[in-house]
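Each remark here refers to the structure printed beneath this line.
2 protein chains.
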Amino acid sequence: MHSFDTVIQKLRENGFKLTPQRLAIIKYMEGNKNHPHALKIHKDLKRRYPTLSFSTVYNTLNMLEKIGEITSLNIVDEYVNFDPNTSPHIHFYCERCHTIKDIFLDEVNGLSIPMDELNGNIVKSAQITLRGICSDCRKKGVG
Amino acid sequence: MHSFDTVIQKLRENGFKLTPQRLAIIKYMEGNKNHPHALKIHKDLKRRYPTLSFSTVYNTLNMLEKIGEITSLNIVDEYVNFDPNTSPHIHFYCERCHTIKDIFLDEVNGLSIPMDELNGNIVKSAQITLRGICSDCRKKGVG
DNA sequence: CTGTATGCAAAGGTTTTGCATCGGG
DNA sequence: CCCGATGCAAAACCTTTGCATACAG
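From first to last, the protein sequence lines are chains Z and R.
Residues 72 to 214 (this note's numbering) make up the first sequence, in order.
Residues 72 to 214 (this note's numbering) make up the second sequence, in order.
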């Protein structure tokens, strides 16, 4: 996701209205590394915006994804996670604490997927998810 | 997934009962390359087993995943897809026809993810999903 | 003012659950 | 026989939708 100001500018140029709810969600997502899902965002913003509705959160997230400012992640069964970091990186999902971490290893970046054409298929995006036990849980716990 | 007979053997050894429903689902999944989801399996088997219930399908799939005979895929938002091919390969999801294809390219197999330990995290499995337009849709259509 | 965005509640679709019944071992 | 598996229906859950109202431009 671009900076708050740049996203605002982009919305303005494309005729989107700058409502307080949208601005709040954009500010919430800017630089957010927690890969939140819609209900979490709704819950967190509800305090400051008591009338904020599910529809608005979902609409705004879908809108931001459509204009390429955030990415939706299908990592867990239960819900969709959103990531404002749209640059290529991969995710590590901890099966114990259910946290999603970003991974930027060079070795991984060396992944040689032909990103334009593969077996006749046009590849537009790639999602890589690792699963296991994260370093924090290893330190704390039983495994 | 192992062969039908091997899976049966494994269930027997682990004290699972060999019910007609389970056998049907195992046979359905054996060698299945369509990455079906639970409701599809239920619909397809319903003809031969009119009383087959959702619970049984979900229970059996979760059981098979638990013993490592199938893998659950979080590729689309709507539901979980299941794959009897548990050997390392990646998936291509067509955004037009919603088909999931297997990819076994050597270049992709060369992916250098340290599968045991990464930044202190223990990696147990990896899921790679590509998205785009598949070759079939390219031939047929407008894209 | 005008048309888009919001809020609310209800619907939609997938998966889980509770419980009585069935049936494999 | 016994305990796990099944079937049924209802619940739970996330997400979408319909429509009246609010409000940004």
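The beta carbon of each residue, even a glycine, is placed where N, CA and C say it ideally should be.
Would a check of beta-carbon distances place residue i closer than 8 Å to chain R?
i: Val194 (chain Z); result: yes
i: Ser206 (chain Z); result: yes
i: Asn190 (chain Z); result: yes
i: Gly203 (chain Z); result: yes
i: Phe75 (chain Z); result: no
i: Arg209 (chain Z); result: yes
Would you please verify whether the beta carbon of residue i is less than 8 Å from any beta carbon of chain Z?
i: Thr65 (chain R); result: Coverage of chain R is limited to positions 72 through 214, which leaves residue 65 (chain R) absent and any answer about it impossible.
i: Ala197 (chain R); result: yes
i: Phe153 (chain R); result: no
i: Leu110 (chain R); result: no
i: Leu116 (chain R); result: no
i: Met72 (chain R); result: no
Spell out the partners DSSP gives residue i in its beta bridges.
i: Ser196 (chain R); result: Z:Arg202
i: Cys165 (chain Z); result: Z:Gly203
i: Lys81 (chain R); result: Answer is none; Lys81 (chain R) lacks a bridge partner.
i: Val173 (chain R); result: The amino acid at residue 173 (chain R) is misidentified as Val; the sequence shows Asp. According to DSSP, which records beta bridges pairwise, Asp173 (chain R) is partnered with R:His162.
Kindly examine the ligand PLP and report whether one of its heavy atoms sits closer than 7 Å to the Cβ of residue i.
i: His106 (chain Z); result: Among the components of this structure there are no ligands whatsoever, and the ligand PLP is therefore not found.
**Prompt:** So, do the segment 103–115 of chain R and the segment 144–153 of chain R have three or more beta carbon pairs nearer to each other than 8 Å?
**Reply:** Per the Cβ contact rule, the segment 103–115 of chain R is in contact with the segment 144–153 of chain R (3 or more Cβ pairs under 8 Å).
**Prompt:** Closer than 8 Å, Cβ to any Cβ of chain Z: which residues of the segment 121–149 of chain R, in chain order?
**Reply:** Against chain Z - using a Cβ distance shorter than 8 Å - the residues of the segment 121–149 of chain R are Ser143, Asn145, Ile146, Val147, Asp148.
**Asked** Touch check for the segment 166–176 of chain R and the segment 184–200 of chain Z: three-plus C-beta pairs under 8 Å?
**Response** The segment 166–176 of chain R, when compared against the segment 184–200 of chain Z, does touch it at the 8 Å Cβ threshold.
**Item:** In chain order, each beta strand (DSSP E) run of at least 3 residues that lies wholly inside the segment 90–157 of chain R
**Value:** Fully enclosed beta strand (DSSP E) runs of 3 or longer: 142–144, 152–154.
**Against chain R: residues of the segment 77–98 of chain Z by CB proximity under 8 Å** = Sequence-ordered contacts of the segment 77–98 of chain Z with chain R are nonexistent [C-beta pairs closer than 8 Å].
**Message:** So, does the segment 77–96 of chain Z touch the segment 150–167 of chain Z, judging by three or more C-beta pairs under 8 Å?
**Reply:** Contact between the segment 77–96 of chain Z and the segment 150–167 of chain Z is absent, because fewer than three Cβ pairs lie under 8 Å.
**Short-range partners of chain R found in the segment 165–177 of chain Z, where Cβ spacing is below 8 Å** = Cβ contacts with chain R come from Cys165, Glu166, Lys172, Ile174, Leu176.
**Prompt:** Does the segment 201–208 of chain Z come within contact of the segment 192–203 of chain R, defined as at least 3 CB pairs closer than 8 Å?
**Reply:** Touching, yes, given that three or more Cβ pairs across the two stretches are closer than 8 Å.
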